[in-house]
Amino acid sequence: MKYIEAFRDGELARRLAAAIHAEADPARQYRLMEFCGGHTHAIARYGLPDLLPANIRLIHGPGCPVCVLPTGRIDSAIALAREPGRILCTYADTLRVPASGGLSLLKARAAGADVRMVYSCDDALAIAQAHPDQQVVFFAIGFETTTPPTAAAVLRAQKLGLGNFSVFCNHVLTPAAMVHIMESQGDPDAVALDGFISPAHVSTVIGYGAYEGFAAQYCRPVVISGFEPLDVMQSILMLLRQLNDGRAEVENQFSRVVSRVVSREGNRKAQALCEQVFELRDEYDWRGLGTVPLSALRIRPDYAAFDAERRFALPYRQVPDHKACECAAILRGHKQPADCRAFGTACTPERPLGACMVSSEGACAAHFTYGRFRAADKNGDAA
Numbered sequence: 016m017k018y019i020e021a022f023r024d025g026e027l028a029r030r031l032a033a034a035i036h037a038e039a040d041p042a043r044q045y046r047l048m049e050f051c052g053g054h055t056h057a058i059a060r061y062g063l064p065d066l067l068p069a070n071i072r073l074i075h076g077p078g079c080p081v082c083v084l085p086t087g088r089i090d091s092a093i094a095l096a097r098e099p100g101r102i103l104c105t106y107a108d109t110l111r112v113p114a115s116g117g118l119s120l121l122k123a124r125a126a127g128a129d130v131r132m133v134y135s136c137d138d139a140l141a142i143a144q145a146h147p148d149q150q151v152v153f154f155a156i157g158f159e160t161t162t163p164p165t166a167a168a169v170l171r172a173q174k175l176g177l178g179n180f181s182v183f184c185n186h187v188l189t190p191a192a193m194v195h196i197m198e199s200q201g202d203p204d205a206v207a208l209d210g211f212i213s214p215a216h217v218s219t220v221i222g223y224g225a226y227e228g229f230a231a232q233y234c235r236p237v238v239i240s241g242f243e244p245l246d247v248m249q250s251i252l253m254l255l256r257q258l259n260d261g262r263a264e265v266e267n268q269f270s271r272v273v274s275r276v277v278s279r280e281g282n283r284k285a286q287a288l289c290e291q292v293f294e295l296r297d298e299y300d301w302r303g304l305g306t307v308p309l310s311a312l313r314i315r316p317d318y319a320a321f322d323a324e325r326r327f328a329l330p331y332r333q334v335p336d337h338k339a340c341e342c343a344a345i346l347r348g349h350k351q352p353a354d355c356r357a358f359g360t361a362c363t364p365e366r367p368l369g370a371c372m373v374s375s376e377g378a379c380a381a382h383f384t385y386g387r388f389r390a391a392d393k394n395g396d397a398a
């Protein structure tokens, strides 16, 4: 297939659906977690659950970078932005994530804080160059895909001698979160999982070899998937075949990119860039997952001058989510968006209570935007 329309072809989707139905063993259940919010939106937008047998359940995971940011980190960013002489730069979705006391970065900006939306860390560098008399902080978030550009920005700031630029680093790691999810399988509210649909873009950086130890240790198959509907459906079929064969391997559905652009070892240049600038944190708080060891990055001491947490002695405290918000349980796969009593009533994209309704990759936003909650009402079960 050459053009994007081919990855949304209805006839091909019907053929894939037929193959999935033929492969699915009616005597067993298949519980598959899609890790990335891009998959979640494709699943909701194209109604993929309606094409699957009833014994295949797609479970949303913590793959939305805005959603997994804990409230305390947003509070820290607001504290940064409120200080005179500072400019906080961040991505659009982050602006609207609810923080403590009914605040958000957008509301802090309305109250006078200098908070600016940027499309990239290069934009933040340009702002720092244009405002040498002010401290410019880039609120860096995201999984492995967005980490190399942040590292490059730090090195460029050093080369330019920008003493007024720093990074509030909140980059998190996909395999560590997957391990934590499996290690939590014994918890009363944990959902049982049989396989993982893993993000393709992350895998172009870390390589498919990064999942091999996970698959072997937990005996769970992993398929690296593209983000178009036929990509996801083919990945589901690949997972079913592994499960029926009793295999737990790492397979690459996204062969049109991953096998040609990177190797099993991943993008070595991007990895080296990140290793130069970042080191592992001992632990990091995730919304929904709690404190996860070795799951996030911080700036190395060699580049401490560009670390906002060190430069400003940035405070952090754990803050519970809104009592009516089920975002944490949704990120763990324990609940579906429609299970939340606030979903679509007190919590909407215009008036979000939690991050899952804010982000363009959030599960609640996907279900609301594409009407999956209506399918849940009609069918008596969440899609």
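Everything in the sequence shown is counted per the numbering used here, starting at 16 for the first residue and increasing by one. A virtual CB, placed ideally from N, CA and C, is assigned to each residue, including glycine.
Which one or two residues does DSSP pair with residue i in a beta bridge?
i: Tyr106; result: According to DSSP, which records beta bridges pairwise, Tyr106 is partnered with nothing at all.
i: Leu306; result: Here residue 306 is Thr; the residue named in the question, Leu, does not match the sequence. Answer is Asp300.
i: Met372; result: According to DSSP, Met372 bridges with nothing at all.
i: Phe153; result: Cys104 and Val182
i: His75; result: Glu49
i: Pro68; result: Note: Pro68 sits in no beta bridge, so no partner.
i: Pro214; result: Ser240
i: Phe269; result: In DSSP, Phe269 forms no bridge with anything.
i: Val187; result: Ala311
i: Met132; result: Thr105
i: Glu294; result: Arg313
Check this for me: beta carbons of residue i and residue j, under 7 Å apart or not?
i: Val83; j: Ser374; result: no
i: Val217; j: Tyr226; result: no
i: Asn185; j: Arg88; result: yes
i: Ala339; j: Ala323; result: no
i: Ala381; j: Ile345; result: no
i: Val130; j: Leu118; result: no
i: Arg279; j: Gly224; result: yes
i: Asp209; j: Leu255; result: no
i: Phe50; j: Pro214; result: yes
i: Asp90; j: Ala114; result: yes
i: Glu298; j: Arg315; result: no
i: Thr86; j: Val307; result: no
i: Arg313; j: Arg332; result: no
i: Ala285; j: Ala263; result: no
i: Val169; j: Val292; result: yes
Mind reading off the beta-carbon distance from residue i to residue j? Whole number of angstroms is fine, and I expect it under 8 Å.
i: Phe158; j: Val187; result: 6 Å
i: Ala96; j: Ala128; result: 4 Å
i: Ile93; j: Ala141; result: Between Ala141 and Ile93 the Cβ distance is about 23 Å, and since that is not below 8 Å, they are no contact.
i: Leu47; j: Ile251; result: 6 Å
i: Thr162; j: Cys136; result: Not confirmed; about 11 Å, so no contact.
i: Ile221; j: Gly281; result: 5 Å
i: Phe327; j: Ala172; result: The pair is not a contact, with the Cβ atoms about 16 Å apart (cut-off 8 Å).
i: Ala405; j: His349; result: The first residue shown for the chain is 16 and the last is 398, placing residue 405 beyond what the model contains.
i: Val152; j: Arg101; result: 6 Å
i: Glu290; j: Arg23; result: Going by Cβ atoms, the distance from Glu290 to Arg23 rounds to 38 Å, so no, they are not a contact pair.
i: Tyr106; j: Ile156; result: 7 Å
Can you tell me the Cα-Cα spacing of residue i and residue j, whole angstroms?
i: Leu175; j: Ala319; result: 16 Å
i: Leu67; j: Leu73; result: 10 Å
i: Arg302; j: Cys342; result: 8 Å
i: Ala167; j: Val133; result: 16 Å
i: Ala69; j: Ala42; result: 11 Å
i: Asp336; j: Val182; result: 25 Å
i: Cys79; j: Ile212; result: 14 Å
i: Ser240; j: Ala143; result: 38 Å
i: Gly395; j: Met253; result: Confidence at Gly395 is low in this model, with a pLDDT of 45, below 50, so the placement of that residue is unreliable and no value is reported for it.
i: Ala33; j: Pro352; result: 28 Å
i: Arg29; j: Leu245; result: 10 Å
i: Gly53; j: Glu376; result: 6 Å
i: Ala59; j: Gly386; result: 8 Å
i: Gly116; j: Ser270; result: 47 Å
i: Leu304; j: Thr55; result: 18 Å
i: Val265; j: Met248; result: 17 Å
i: Ala37; j: Thr363; result: 38 Å
i: Ser274; j: Asn267; result: Because Ser274 carries a pLDDT of 48, less than 50, the predicted location of this residue cannot be relied on, and no value is offered for it.
i: Cys371; j: Ser310; result: 20 Å
i: Leu368; j: Asp354; result: 15 Å
i: Leu63; j: Gly201; result: 29 Å
i: Ile71; j: Thr360; result: 29 Å
i: Asp300; j: Asp65; result: 35 Å
i: Ile196; j: Ala207; result: 10 Å
i: Pro99; j: Asp138; result: 21 Å
i: Leu27; j: Asp40; result: 22 Å
i: Val277; j: Ala287; result: Note on Val277: pLDDT 44, under 50, position unreliable in the model; the coordinate value appears next. Cα to Cα, Val277 sits roughly 14 Å from Ala287.
i: Cys104; j: Thr160; result: 19 Å
i: Asp317; j: Leu177; result: 15 Å
The ligand NAD and residue i: does the residue's C-beta get closer than 6 Å to at least one heavy atom of that ligand?
i: Arg279; result: In the structure shown, the ligand NAD is absent, as is every other ligand, since no ligand is present at all.
From the beta carbon of residue i, is the nearest beta carbon of chain D less than 7 Å away?
i: Ser115; result: In the structure shown, chain D cannot be found, because there is only a single protein chain.
Those runs of the alpha helix (DSSP H) which lie wholly inside the region 314-391 and span at least 4 residues
323-326, 342-346 and 378-384
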